[in-house]
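**Q**
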Amino acid sequence: MEASFMSDATSQTVYFYNRHPISCEIILAKLRASRGHLDGLRPEELFPHDQDHYGGLAATDELARGAQVSNGSRVADFCAGLGGTVRYLAHKYGADVTGIELTPARVSGAQELTRRVGLHGTARIVEGNVMDVPLPDASMDAVVSQEAFCHVPDVKRAVAEAFRILRADGRLAFTDWIANQPLTAADAQLMWEGMAIQPLRSIPEYGSLVESVGLRVVSTKDLTEEWGPILKERLAMYQMLREEARQAGTPMGHDAFHKSYIRFVDLINERKMGGVRIVATKLPRD
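The numbers in the working numbering rise by one with no breaks, and the one at position 91 of the sequence shown is 186.
Right under this line is the structure:
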């Protein structure tokens with residue numbers, strides 16, 4: 096039964112991201128329209144388009160500080176999507192970054208964007224599942240993730256994988272959705288059908304989960320207030336992208352996504368849902 100649930104959850108996540116309105120094709124179409132061609136693309140030209148997380152580059156910088164990313168750091172990005180964070184950390188910080196991404200279409204899109212900006216030596220995106228990461232033990236200085244564990248069927252297993260691949264004193268830094276109060280059955284079902292969202296937890300429950308695998312929480316920040324205006328802007332952006340995607344003949348998101356996103360924005364502004372940033376460290380063995 097557990098295997099069947101995992102398979103269904105994985106299929107739902109892949110289905111969602113295969114139809115996500117932000118895609119490699121849309122990004123390249125925007126750049127072609129603004130530049131006239133795609134020759135000689137620079138990493139910073141992608142950044143206004145490929146940062147598919149809340150708060151943009153400033154949010155990634157906060158994670159990088161929490162994870163203590165610096166020149167030469169070995170970093171894994173769990174649920175890397177189109178690789179925006181992977182490329183940014185490699186370009187700005189000089190890190191060596193491996194993104195783990197479940198959805199084949201996102202992997203190929205991420206690889207294409209990375210190749211076009213010449214970062215494929217230090218920024219790579221591989222197909223994989225964050226519940227069974229294809230990286231060796233103690234091989235990473237940091238693991239990051241942004242608003243993605245909410246799609247993972249077994250978050251504890253994913254966090255345990257982060258613990259496994261981190262070196263001693265390495266850090267996990269991530270942002271994710273939380274439930275400030277239990278969702279109604281109707282809202283939970285809407286989040287699942289529209290955005291492949293698994294059952295959510297509160298901030299204290301998240302901290303306990305992280306520490307249960309052996310990590311020690313260094314800092315926790317409630318992002319709910321920050322996310323309110325950001326998500327209103329993103330809803331407007333998605334509505335615009337949906338029309339652009341329709342015109343370009345590329346995935347434009349399905350109706351359930353748009354319906355659930357509208358409700359998600361309402362729930363954030365009602366503080367029934369929210370966000371959190373957690374930083375944790377792997378303590379050295381005695």
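Glycine included, every Cβ here is placed at the ideal spot set by N, Cα and C. Predicted model, so just to flag it, every value in this text is computed and none were measured.
Restricting to Cα atoms, I'd like to know which of W272, R259, A283 is closest to G309.
**A** That would be R259, whose Cα lies nearest to the Cα of G309.
**Q** Exposed or buried, what is H132 when buried is set at 16 or more other beta-carbons lying within 10 Å of its beta-carbon?
**A** With fewer than 16 Cβ atoms within 10 Å of its Cβ, H132 is classed as exposed.
**Q** With DSSP run on the structure shown, which of helix, strand or coil describes R329?
**A** R329 falls in the helix class under three-state DSSP.
**Q** Can you give me the C-alpha to C-alpha distance between L326 and H353, rounded to a whole angstrom?
**A** Their Cα atoms are separated by approximately 13 Å.
**Q** Going by C-alpha distance, which of H246, A104, D191 is nearest R296?
**A** It is H246.
**Q** When burial is assigned at 16 or more other CB atoms within 10 Å of the CB, is T279 buried or exposed?
**A** T279 should be labelled exposed.
**Q** Determine the contact status of R201 and Y112, defining contact as a CB-CB distance below 7 Å.
**A** Closer than 7 Å, so yes.
**Q** May I have a chain-ordered list of the beta strand (DSSP E) segments no shorter than 3 residues that lie completely inside the region 261-291?
**A** If we require 3 residues or more, the beta strand (DSSP E) runs fully inside the region 261-291 come out as 261-274.
**Q** When burial is assigned at 16 or more other CB atoms within 10 Å of the CB, is S165 buried or exposed?
**A** Exposed, since its Cβ has fewer than 16 Cβ neighbours within 10 Å.
**Q** What are the residues that DSSP puts in a beta bridge with M226?
**A** According to DSSP, which records beta bridges pairwise, M226 is partnered with nothing at all.
**Q** What is the DSSP secondary structure of I117, reduced to helix, strand or coil?
**A** Residue state, collapsed to three classes: coil.
**Q** Taking the DSSP output, what are the residues bridged to A375?
**A** Per DSSP, L267, V312.
**Q** Pairing CB atoms from the region 207-214 with CB atoms from the region 222-236, are three or more of them under 8 Å?
**A** In short, these stretches do not touch, since the Cβ pair count stays below three.
**Q** Beta-carbon separation of A257 and V239 under 7 Å?
**A** Their beta carbons are not under 7 Å apart, which means A257 does not touch V239 by this criterion.
**Q** Starting from G151, follow the alpha helix (DSSP H) in both directions and report where the run begins and ends.
**A** Residues 151-162.
**Q** Under a three-way DSSP split, which group does G131 fall into?
**A** Here G131 sits in coil by DSSP.
**Q** Can you tell me whether Q276 is buried or exposed? The criterion is at least 16 other CB atoms within 10 Å of its CB, across all chains shown.
**A** That one is exposed.
**Q** Roughly how many whole angstroms lie between the Cα atoms of Y333 and V312?
**A** Distance between the alpha carbons of Y333 and V312 is about 34 Å.
**Q** Measure the CB-CB distance between V371 and I273 and report whether it falls below 7 Å.
**A** Cβ distance < 7 Å, so V371 and I273 count as in contact.
**Q** Rank A375, L126, S129 by C-alpha distance to the C-alpha of V254 and give the top, closest one.
**A** When each option's Cα is compared against that of V254, the closest is A375.
**Q** First and last residue of the alpha helix (DSSP H) that includes Q206?
**A** Counting along the chain, the alpha helix (DSSP H) containing Q206 begins and ends at 199-211.
**Q** Any beta carbon of chain B sitting closer than 7 Å to that of V181?
**A** The structure shown contains no chain B; it holds only a single protein chain.
**Q** When you compare only the Cα positions, how much space is there between I298 and D317?
**A** Approximately 8 Å, taken between the alpha carbons.
**Q** Under the rule that 16 or more other beta-carbon atoms within 10 Å means buried, what is F100, buried or exposed?
**A** Low confidence applies here, because F100 scores a pLDDT of 48, under 50, leaving its location unreliable; read the following figure in that light. With fewer than 16 Cβ atoms within 10 Å of its Cβ, F100 is classed as exposed.
**Q** Quick check on the burial criterion: 16 or more other C-beta atoms within 10 angstroms. Buried or exposed for L378?
**A** L378 should be labelled exposed.
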